[in-house]
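Enquirer: Residue numbers (this note's numbering): 158 to 477. Ideal Cβ placement from N, Cα and C applies to all residues, glycine included. In this text, all values refer to a predicted model and were calculated from it rather than measured experimentally.
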Ligand code: 13P
Ligand code: SF4
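1) At which residues does the alpha helix (DSSP H) containing residue 236 begin and terminate?
2) Restricting to Cα atoms, I'd like to know which of 209, 312 and 329 is closest to residue 339.
3) Based on the DSSP secondary-structure assignment, which residues constitute the bridge partners of residue 330?
4) Do you know offhand how far residue 308's Cα is from residue 179's?
5) Under 7 Å, do residue 389 and residue 202 count as touching if we go by C-beta distance?
6) Indicate the three-state DSSP secondary structure (helix, strand or coil) for residue 119 in the structure shown.
7) Rank 195, 193 and 231 by C-alpha distance to the C-alpha of residue 208 and give the top, closest one.
8) At the level of alpha carbons, what is the spacing between residue 182 and residue 422?
9) Please confirm whether any heavy atom of the ligand 13P lies closer than 6 Å to the CB of residue 422.
10) Measure the beta-carbon distance from residue 350 to residue 358 and round it to whole angstroms, keeping in mind my assumption that it falls under 8 Å.
11) Return the Cβ separation of residue 469 and residue 287 in integer angstroms, given the expectation that the two are a contact with Cβ distance under 8 Å.
12) Using the Cα positions of residue 302 and residue 462, report the straight-line distance between them to the nearest angstrom.
13) Cutting at 7 Å between CB atoms, please list the residues of its own chain near residue 414, excluding the five before and the five after it.
14) Consider the C-beta atom of residue 248 and the heavy atoms of the ligand SF4; say whether any pair is separated by less than 6 Å.
15) Using the beta-carbon count (16 or more within 10 Å), is residue 285 buried or exposed?
16) So what does DSSP say about residue 184, is it helix, strand or coil?
17) Alpha carbon to alpha carbon, how far is residue 187 from residue 224? Give it in angstroms, no decimals.
18) Looking at C-alpha atoms only, which residue of 466, 383 and 334 is the closest neighbour of residue 362?
19) To the nearest whole angstrom, what separates the beta carbons of residue 393 and residue 419, a pair I think is in contact under 8 Å?
20) Closer than 6 Å to a non-hydrogen atom of the ligand SF4 - does that hold for the CB of residue 409?
21) Between 400, 271, 245 and 448, which has its C-alpha nearest residue 260's C-alpha?
22) Given a threshold of 16 other Cβ atoms within 10 Å of its Cβ, counted over all protein chains shown, does residue 243 qualify as buried or as exposed?
23) Looking at the structure shown, is residue 455 part of a helix, part of a strand, or coil, going by DSSP?
24) Residue 269 and residue 306: beta carbons closer than 7 Å?
25) For the beta strand (DSSP E) containing residue 385, list its first residue and its last residue.
26) Under the rule that 16 or more other beta-carbon atoms within 10 Å means buried, what is residue 235, buried or exposed?
27) Name the DSSP beta bridge partners of residue 270, please?
28) Taking 6 Å as the cut-off, is the CB of residue 385 close to at least one heavy atom of the ligand 13P?
29) So what does residue 406 bridge to, in DSSP terms?
30) Under three-state DSSP, which class holds residue 219?
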């Protein structure tokens, strides 16, 4: 269905009015479509949104992101109602480990500390010692005594990045991946960087090109240009502060909207135009509107699971 511009702006006005009337705060991830970012109260990365979920005054949080993010908000704010516009907005990375797989893995490494990326279900979080996000994973691992074995899950690229940055040898990494970031290949990067000789390069640690890139960096292959491995919010801060004018951006393409809006004098090119998360893009203005009007779809986490999972999230929030 093609929406007319005036329909879109009327819908946005209605949403803005309704969220005040019904005491709803809208939190949106950096990968959401531009129209949703426009009506959100806060747009940010996983860590920033988790923090907001714990701070906001409104009695309802409408989470525009994917399922595990809304669950995290429900765990952090158990007395608030948490809604999502589409229940099918999942995550291939969070699907890459099951509760049984994690329990078996823990049984094989008794005494190891489990560190899990925020991209996991509430059930998985309830089995973790620490939660982490792309912006604090290195800090969390560094906070764990060196003699302790670590089980890091579920993203293997983030895991290899963290192992390399911390020099940790006793860290086991689960072989999970996000299909969007894993799909950004070293070839995509080389092609884009070759076409923009003066561009800085910002890369998300979930990307499959992170690992070869770290070796290239270590060997001096990128001495002539700046390469930074950052979370989505870290990227936004970095490109604002940088003196460079051109950037190649390796993550989900939704981030380009904020980058371009906040830095109109700079040029941003995606490392891969195909890097689009179909789950993040399931949310639409119409679904946001329906969500507020009909109070749907509510995300709940049982008290037993939430209380255990909150420990891992709180440990993360204290360290980062
Ligand atoms: P961050 O926003 O925390 O960098 O995470 C990216 C991501 O893939 C979320 O699904
Ligand atoms: Fe999950 Fe990847 Fe989509 Fe992020 S981009 S929500 S990690 S599938």
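Expert: The structure says:
1) Where residue 236 is concerned, there is no enclosing alpha helix (DSSP H), given that its DSSP letter is neither H nor E.
2) Nearest C-alpha to residue 339: 312.
3) In the DSSP assignment, residue 330 forms a beta bridge with 309.
4) Taking the straight line joining both Cα atoms gives about 43 Å.
5) Yes, the Cβ-Cβ distance between residue 389 and residue 202 is below 7 Å.
6) In the structure as shown, the chain begins at 158 and stops at 477. Residue 119 is therefore absent and cannot be evaluated.
7) Nearest neighbour of residue 208 by Cα position, chosen from 195, 193 and 231, turns out to be 231.
8) Cα to Cα, the separation comes out at about 31 Å.
9) Outside the cutoff, so no.
10) Under the criterion of beta carbons closer than 8 Å, residue 350 and residue 358 qualify as touching, at roughly 6 Å.
11) Residue 469 to residue 287, Cβ: 6 Å. Contact.
12) When rounded, the distance between both Cα atoms is 27 Å.
13) Cβ neighbours of residue 414 within its own chain (closer than 7 Å, five residues either side excluded): 191 and 194.
14) For the ligand SF4, at least one heavy atom lies less than 6 Å from the Cβ of residue 248.
15) Residue 285 comes out buried.
16) Residue 184 falls in the strand class under three-state DSSP.
17) Their Cα atoms are separated by approximately 15 Å.
18) The option with the nearest alpha carbon to residue 362 is 334.
19) With a Cβ gap of about 7 Å, residue 393 and residue 419 count as contacting.
20) For the ligand SF4, at least one heavy atom lies less than 6 Å from the Cβ of residue 409.
21) Considering only alpha carbons, the answer is 271.
22) Answer is buried; the Cβ neighbour count reaches 16.
23) Correct three-state label for residue 455: strand.
24) Yes, these two residues count as a Cβ contact at 7 Å.
25) Note, residue 385: beta strand (DSSP E), 384–386.
26) Under a 10 Å Cβ-count criterion, residue 235 is classified as exposed, with fewer than 16 other Cβ atoms of the shown protein chains found around its own Cβ.
27) Residue 270 is bridged to 307.
28) The answer is no for residue 385.
29) Per DSSP, 359 and 427.
30) Strand.
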